[in-house]
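**Student:** At position 215 of the sequence shown (counting the first as 1) the number is 213 in our numbering, and the numbers step up by one without a gap.
The beta-carbon is built from N, C-alpha and C at its ideal position, and this holds for glycine as well.
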Amino acid sequence: MGVRITSWNLLHGMAIPPQKENDFQDLARAVHSLGSDIYGFQEVDHFLPRSQSRPQMRDVAEAIGARDWAMAPSVIGTPGEKWRRLRADEPELITDASSHSELMHECYGIGIVSKIPVKSWHRLNLGNSPVGMPLVVPGDETGKGKIRFIYVKDEPRIALAAILENGWTVVNTHLSFVPGMNLAQLRKLKKWANNLAAQSGTKALILGDLNLPKNLPTVGSKWKSLVTLNTYPSWGAKIQFDYMLAESPHSFEYHPLSHTQTGVSDHLPIGVEIKS
């Protein structure tokens, strides 16, 4: 029997093609259709107005019947609009066990939802680039729109890890889009993941939107990519930004999952099934 794991940049659950209002039930249905046991999500909203003021990770967990979920805020507010860094008195993790006041926190970040029991949650702050950069926006979902350049300020980057009862540590992240900064963050993340795995007697899996093309996340290291698939943009994917990395993939059996367009997000989900 195997365990199915999916990584997906949600674009805060935005429908593609865009609609006047995103329906949180569309996101729940999309995730349910993927049929995985563990999900790592990036670009997650938590009670933000643009996504119907919904707790997206709780919604997803309820939709798939998962007990354990966590959301790690990277900023308070809405990226691209108005946001700020977390204060020392604000929760770094919002989970199924959080208080009502924490659940109502308006924030944005990354999350994990798991049907496999989670023994413990962990967070790593990875910093951000002091400068932003112009990013290429690839037309629109029809494939006919003109390419645009927009200047984007880099936000604080983080990683969220779930140590699972099945012997795996799943580490989810969304790295900086600034060249060099993302590679430095990934090196730090690999070391952290290995330390967590060693301390807990588990195997580590890193997944997420690494903002690195052409399999760069594996260059100069023993970590290998379990999935080779162009994921962006979802309506005509030409580049891979989303990965699942393991240091010793020869030590277990796995195969990629066939995830396709769901009608949500500008990224395609990726997944693997790991045989236990």
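For residue 39, which three-state DSSP category applies?
**Tutor:** Here residue 39 is taken as the residue at index 41 of the sequence shown, counted from 1. Residue 39 falls in the strand class under three-state DSSP.
**Student:** With a CB to CB cut of under 7 Å and the five nearest residues on each side skipped, what residues in its chain are close to residue 183?
**Tutor:** Indexing the sequence shown from 1 puts residue 183 at position 185. Same-chain partners within the cutoff: 124, 155, 173 and 174.
**Student:** Would you decide whether residue 217 is buried or exposed? Buried here means 16 or more other CB atoms lie within 10 Å of its CB.
**Tutor:** Position 219 of the sequence shown, counted from the start, is the residue given in the question as residue 217. So residue 217 ends up on the exposed side.
**Student:** According to DSSP, is residue 141 helix, strand or coil?
**Tutor:** The sequence position of residue 141 within the sequence shown is 143, counting from 1. Reliability of the predicted coordinates at residue 141 is poor, the pLDDT of 49 falling under 50, and the value obtained from them is presented with this limitation in mind. DSSP places residue 141 in coil when its eight states are reduced to three.
**Student:** So, do the region 226 to 239 and the region 253 to 268 have three or more beta carbon pairs nearer to each other than 8 Å?
**Tutor:** yes
**Student:** Under 6 Å Cβ to Cβ from residue 222, same chain only, skipping five residues before and after it: list those, please.
**Tutor:** Counted from its first residue, the sequence shown places residue 222 at position 224. Once the five neighbours on either side are set aside, the close Cβ partners of residue 222 are 216 and 247.
**Student:** Is residue 120 near residue 159, with beta carbons less than 8 Å apart?
**Tutor:** To locate residue 120, count along the sequence shown from 1; it is residue 122. To locate residue 159, count along the sequence shown from 1; it is residue 161. Yes; because the gap between Cβ atoms is below 8 Å, this pair is in contact.
**Student:** How many angstroms separate the CA atom of residue 163 from the CA atom of residue 68?
**Tutor:** In the sequence shown, the residue the question calls residue 163 occupies position 165. In the sequence shown, the residue the question calls residue 68 occupies position 70. The alpha-carbon atoms of residue 163 and residue 68 are separated by roughly 16 Å.
**Student:** Tell me which same chain residues have a C-beta within less than 7 Å of the C-beta of residue 198, skipping the five on either side of it?
**Tutor:** For the purposes of this step, residue 198 is taken as the residue at position 200 of the sequence shown. Closer than 7 Å at Cβ, skipping near neighbours: 161 and 167.
**Student:** Please determine if the region 97 to 104 and the region 30 to 40 are in contact, where contact requires at least 3 C-beta pairs separated by less than 8 Å.
**Tutor:** Result no; under three Cβ-Cβ pairs closer than 8 Å.
**Student:** Out of 37, 112 and 22, state which residue places its alpha-carbon closest to the alpha-carbon of residue 51.
**Tutor:** The residue you call residue 51 lines up with position 53 of the sequence shown. Of 37, 112 and 22, the residue nearest in Cα terms is 22.
**Student:** Could you check the C-alpha separation between residue 129 and residue 44 for me, to the nearest Å?
**Tutor:** Residue mapping note: residue 129 aligns to position 131 of the sequence shown, counting from 1. Residue mapping note: residue 44 aligns to position 46 of the sequence shown, counting from 1. Roughly 26 Å separates the two Cα atoms.
**Student:** List the endpoints of the continuous alpha helix (DSSP H) containing residue 100.
**Tutor:** In the sequence shown, residue 100 corresponds to position 102, counting from 1. Here the alpha helix (DSSP H) through residue 100 covers 98 to 101.
**Student:** Of the residues 228, 202 and 55, which one's Cα is nearest the Cα of residue 211?
**Tutor:** Translated into positions along the sequence shown, residue 211 becomes position 213. It is 228.
**Student:** When you compare only the Cα positions, how much space is there between residue 226 and residue 1?
**Tutor:** Locating residue 226 in the sequence shown gives position 228, counting from the first residue. Locating residue 1 in the sequence shown gives position 3, counting from the first residue. Taking the straight line joining both Cα atoms gives about 19 Å.
**Student:** For residue 52 and chain D, any beta-carbon pair shorter than 8 Å?
**Tutor:** The chain labelled as chain D is not found in the depicted structure, where only one protein chain is given.
**Student:** How many angstroms separate the CA atom of residue 114 from the CA atom of residue 35?
**Tutor:** The sequence position of residue 114 within the sequence shown is 116, counting from 1. The sequence position of residue 35 within the sequence shown is 37, counting from 1. In a straight line, the C-alpha of residue 114 is about 7 Å away from that of residue 35.
**Student:** Reducing DSSP to helix, strand and coil, say where residue 190 ends up.
**Tutor:** Position 192 of the sequence shown, counting from 1, holds the residue named residue 190. If DSSP states are grouped into helix, strand and coil, residue 190 belongs with the helices.
**Student:** For residue 240, count neighbouring Cβ atoms within 10 angstroms of its own Cβ and tell me buried if that reaches 16, exposed if not.
**Tutor:** Stepping through the sequence shown from its first residue, residue 240 is reached at position 242. Flag for residue 240 reads buried.
**Student:** Within the same chain, show all residues whose beta-carbon is closer than 7 Å to that of residue 38, passing over the 5 residues directly before and after it, in chain order.
**Tutor:** In the sequence shown, residue 38 corresponds to position 40, counting from 1. Excluding residues within five positions, the ones whose Cβ falls inside 7 Å are 5, 110, 168, 170, 205 and 206.
**Student:** Using DSSP bridges, identify the partner residues of residue 155.
**Tutor:** Numbered from its first residue, the sequence shown carries residue 155 at position 157. Paired residue(s): 125.
**Student:** Beta carbon of residue 40, beta carbon of residue 108: below 8 Å?
**Tutor:** Counting from 1 along the sequence shown, the entry for residue 40 is found at position 42. Counting from 1 along the sequence shown, the entry for residue 108 is found at position 110. Yes.
**Student:** Check residue 316 in the structure and name its three-state DSSP category.
**Tutor:** Here the chain comprises residues numbered -1 to 274, so residue 316 is not present and cannot be evaluated.
**Student:** Within a Cβ cutoff of 6 Å, which residues of the same chain sit near residue 122, ignoring the five residues on either side of it in sequence?
**Tutor:** Residue mapping note: residue 122 aligns to position 124 of the sequence shown, counting from 1. The answer, listed in chain order, is 157 and 190.
**Student:** Short of 8 Å in beta carbon distance, which residues of its chain neighbour residue 57, apart from the five on each side in sequence? Order them along the chain.
**Tutor:** On the sequence shown, position 59 is the one that residue 57 refers to. Excluding residues within five positions, the ones whose Cβ falls inside 8 Å are 22, 25 and 26.
**Student:** For residue 180, name the three-state secondary structure that DSSP assigns.
**Tutor:** In the sequence shown, the residue the question calls residue 180 occupies position 182. Residue 180: helix per DSSP, three-state reduction.
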